[in-house]
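In what follows, a structure is listed as structure tokens, so that the remarks can point back to it.
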Amino acid sequence: MRDTIIKFLQNNHFNQLDTEFDFYTNSQNSEYFIVSQYSSNDLHNFFDDDKTSQVIKEFERLSLKSEHENIKKNTSLFILVEVDNLKEAFEDEKLQGSILLIEEDYYYFRKFIILYTRNGLLDLRDKATNEALYNYLEFSIDAFEDDMFFSESYFMAMEIGVKLPFFTLPKRNDIYQSIESQYQDDKDELDNRLLDFYTKNTDEKLSKSLKDISTDDQIISDLLEIGELLP
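As structure tokens, this is what we get:
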């Protein structure tokens, strides 16, 4: 994923600074990007991680140079995290909690987390230009609206498209966020319905209804409605 993100930056006229880290800027030195790899475990301790400290130290060093006076005003850090399964990672409350904390912290620079899988990278190798990415996203956007995890490569491409500020998504810019919110809303509704169901019905009532199943039974009717919320 690092190579893919760097190709996007280079294809949009961002070049690496004279540093051992992946710091990139445009010819006007008006916008900056940092690319850094983390594990999911690193993410939980992001603010205390050595890599984070090293990136901040280099960021501060560069900010002292007159030619990089804009680095403190307009810098984004891309945090790349390899996972085994994107859907499972998306449903991992601890991981999503860490992502939320990191992306909502704007101290030093903006932070964008991109989750990816090794298999998902295979279809992205030839899509590191704005045109190629746009065409790829536009072609299957309807399938993504129906199931945001229908393809790991497509999900990752959408992550990149949403988080690269110089890229415009096809159809509408909020497609990723709106579907993400819809997915979470559906999950919350299911959790709330299950909690309400088990609060109202004792084990004894449930056992009795299951022994004599009837769709006229309110408990069985409630269970059938909850079942319709399952994916």
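Residues in the sequence shown are numbered consecutively from 214, following our numbering.
We put the CB at the ideal spot given by N, CA and C, even for glycine.
Just so we're clear, the structure is a prediction, and the values are computed from it rather than from any experiment.
Under the DSSP assignment, Val268 falls in the alpha helix (DSSP H) whose first and last residues are 263-276. Taking every protein chain shown into account, the CB of Thr288 has 16 or more other CB atoms within 10 angstroms, so this residue is buried. Within a 10 Å sphere around the beta-carbon of Leu222 sit 16 or more other beta-carbons, which makes this residue buried. Taking a contact to require three or more Cβ pairs closer than 8 angstroms, the segment 341-360 and the segment 304-311 do not qualify as touching. With 16 or more other Cβ atoms inside 10 Å of its own Cβ, Ala370 counts as buried. Under the three-state reduction of DSSP output, Ile284 falls in the coil class, being neither helix nor strand.
By the neighbour-count criterion, in which 16 or more other beta carbons inside 10 Å mark a residue as buried, Glu365 falls on the buried side. Taking a C-beta distance under 9 angstroms as the contact criterion, Gly374 and Leu335 do not qualify as a contact pair. Rounded to whole angstroms, the separation of the alpha carbons of Glu304 and Asp235 is 30 angstroms.
Residue state for Arg323 is assigned as strand, using DSSP reduced to three classes. Sequence-distant partners of Ile326 (beyond 5 residues in either direction) whose C-beta falls short of 7 angstroms from its own C-beta, in its chain, are Ile292, Val294, Ile312, Ile315, Glu316. If the five residues before and after Asn298 are omitted, its C-beta is found closer than 8 angstroms to the C-beta atoms of Thr330, all from its own chain and listed in chain order. Note on Leu328: 16 or more other CB atoms within 10 angstroms of its CB, so buried under the neighbour-count rule.
Per DSSP, the unbroken beta strand (DSSP E) holding Gln250 starts and ends at 245-251.
DSSP lists no bridge partner for Leu313. Per DSSP, the beta-bridge partners of Leu293 are Gln250, Ile327.
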